[in-house]
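Okay, structure first, notes after.
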């Protein structure tokens, strides 16, 4: 709960957040939470080469609590499930952002989303491992991928790195 800076998870095989709504008592195992900035400051971390955030729907909140620390991060990876535009607004000035294409996402695009794409959208190189998070790609994710249940991963490369992302591009195929 936000009141005691903790989150509660049910004891199960998954890390699904306790679905109890409106109850006065939190159940499940209790985990304390703290802001990324507080953690980085407390441990005196000067630079972060790679930050992977996978917090079951709380990735955006992690970044909100880590605005200062993000200046130290060279590369980052995170999941999106409810859209990417808000991430772009928060991170786009500091990072070049890319949709990480994976075989499962490509398969979903081919089977579920493809008929809903315009001819211009169909020209995007979905078979590349990385797709720059342009305005068109962000809109596509937020308006067509998300409603179809297609979440995924985003890679961020600090603009200070002068890293040639094309070195990371390879062709993706589906079985």
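In the numbering used here, the protein residues as written are 88 to 262.
All C-beta atoms, glycine included, are put in the ideal place defined by N, C-alpha and C.
Source: prediction; values computed, not measured.
Counting C-beta pairs closer than 8 Å gives three or more between the region 174-184 and the region 216-225, which meets the contact rule. Its Cα nearest to that of residue 196, the residue 224 stands out among 147, 179, 224, 257. Taken in chain order, the complete alpha helix (DSSP H) segments of 4 residues or longer contained in the region 176-240 are 190-195, 206-209, 222-227.
In terms of Cβ geometry, residue 193 and residue 259 form a close pair [threshold 7 Å].
When the alpha-carbon of residue 123 is set against those of 146, 116, 117, the nearest one is in 146.
Between the alpha carbons of residue 228 and residue 136 lies a gap of roughly 27 Å. For residue 145, no alpha helix (DSSP H) segment is defined, and its DSSP state is neither H nor E.
In the structure shown, the three-state DSSP call for residue 116 is strand.
Boundaries of the alpha helix (DSSP H) around residue 123: 123-129. Proximity to residue 198 across 119, 150, 235, 248 peaks at 235, based on C-alpha coordinates. Annotated as proximal: residue 164 and residue 240, with beta-carbon spacing under 7 Å.
Here the alpha carbons of residue 125 and residue 152 stand approximately 8 Å from one another. Between residue 182 and residue 243, the CB-CB gap stays under 7 Å. Taking the CA atoms as reference points, residue 209 sits about 33 Å from residue 148. Assignment of beta-bridge partners to residue 160 by DSSP yields 135. A straight-line Cα-Cα distance of about 24 Å links residue 179 and residue 207. For the 7 Å CB-CB criterion, residue 160 and residue 186 do not form a contact. With 16 or more other Cβ atoms from the protein chains shown falling within 10 Å of its own Cβ, residue 156 counts as buried. Secondary-structure assignment with DSSP links residue 255 through no beta bridge to anything.
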